[in-house]
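Counting along the sequence shown from 1, when you hit position 259 you're at 259 in UniProt numbering, and nothing is skipped either side. Built from N, CA and C at the ideal position, the CB exists for glycine as well. Below is one structure, written out as structure tokens; comments come after it.
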Amino acid sequence: MKDVAEKAGVSQRTVSNVVRNYRHVSPYTRERVLKAIDEIGYRPNEAARRLRTGRTKLIALAVPDITWPYFSMLAQAIQDEATRAGLTLIVRETRGSANIERQVLQNFYMGSVDGLIISPIELSGRELRELELGIPVVLLGERIRDAGLLHLSIDNVSAAKKMMGHLIDGGAQSFWIVGDSDTMATRSAGRFRMEGFLATAEAHGFTSNSWRQLPASPWTMVNGYDTVAAYLGKEPLPDVIICMNDLLALGAQRACQEAGLRIPGDVMISGWDNIPFAAYSTPSITTISADISVIARKAVEGLQILFETPDVRLSDVTVGYELLVRESTSR
């Protein structure tokens, strides 16, 4: 570090501040230090820095199921943001288990990570407040809004209303809604989406005779296919099949196509999450796209603020979304 400081013409403390990514170093000074580090080939001793600062520069992300495309995309976006911030990300699945969620929050990472980003399914706001967290925590998802922690989410109700409005404007008068609203990894999202779908239908004068919810759990392509295939030919075909996520929509689409139905001519299909497959299927799937890059950036920025000022109360953030109208609902 001394050699870097001499070459850059700054103090060793300034070099340390640059290495630790302190925000109060001027861009000009930071560039000089980074150039000197590159020329000398300096590599900070991580163990020594941890002893000195009490920081590991590790953060953790805990999600219900990393195999779900949405959570995979979220993990990638958070990893990109963490890398830019000089942090390393560890990912852990909770499988929607209260015990694993408690372990992650209270014990599992204690002392090994600097902060945690978690999408909780089972724990309540009261339980979170009662836990001795020990590290900064950022919450994702709509379920918990009273834990006193930084909370990031999209407005699922508003987005569902927008989707349903689009479908009704396109001529839909009867609806199948595919996906449980009270299952692992979908509990809060499904409930809020259903609320938005039905509120808009009722506002347009539709009654409960106009829609039917088809249980499908978990929200996978296989369950989307099996659920819709089981009803086709046995129940009157609706104008639209509304799916709680894109995986269900892709499965439903395959079932309809195998039954000889034209999409969107005979039946429209919608999804949610904007996973890559949805854009490149035939036809492409109309979907809701949350701004995952903003979720990732705000989550990592929130942790960084809490590292420096642990007692600060950060305002909750509602992240934007977009209705992406594609071929599956374009008549």
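Closest by C-alpha distance to residue i, when choosing among the options
i	options	result
G86	V325, V300, E322	V300
residue 345	A296, R102, I100, A259	No information on residue 345 is available, as it lies outside the stretch 1 to 331 that the chain covers here.
V317	P283, L140, H24	L140
Terminal residues of the alpha helix (DSSP H) in which residue i lies
i	result
L278	In the sequence as displayed, the identity of residue 278 is Ala instead of Leu. Segment 276-280, the alpha helix (DSSP H) holding A278.
T227	221-231
V138	Careful: V138 lies outside any alpha helix (DSSP H), inside the beta strand (DSSP E) at 137-140.
L314	Segment: none, L314 is in no alpha helix (DSSP H) and carries neither H nor E.
Short Cβ contact (8 Å threshold) for residue i with residue j
i	j	result
M163	I288	yes
G196	M244	no
L61	A75	yes
W176	I241	yes
G271	L248	yes
A252	G224	yes
D65	I40	no
S112	T56	yes
L306	P136	yes
S174	D239	yes
Nearest-angstrom Cα separation, counted from residue j out to residue i
i	j	result
residue 332	A172	What is shown of the chain runs 1 to 331, which leaves residue 332 out entirely.
D273	Y231	24 Å
M194	V157	8 Å
S97	V91	16 Å
E81	L237	45 Å
L152	C256	36 Å
S16	N99	40 Å
L128	M221	33 Å
E258	V325	24 Å
S208	E202	8 Å
A279	I285	6 Å
M268	S217	22 Å
R313	I154	20 Å
Q121	T83	The sequence shown places Ile at residue 121, rather than the Gln named in the question. So the two alpha carbons sit approximately 27 Å from each other.
H204	G170	13 Å
P310	H24	18 Å
A229	D266	15 Å
Residues bridged to residue i [DSSP beta-bridge criterion]
i	result
G115	I59
W211	F175
T88	L58
Where the beta strand (DSSP E) through residue i begins and ends
i	result
F206	It is not in any beta strand (DSSP E) - F206 carries neither H nor E in the DSSP assignment.
S289	287-290
I154	150-154
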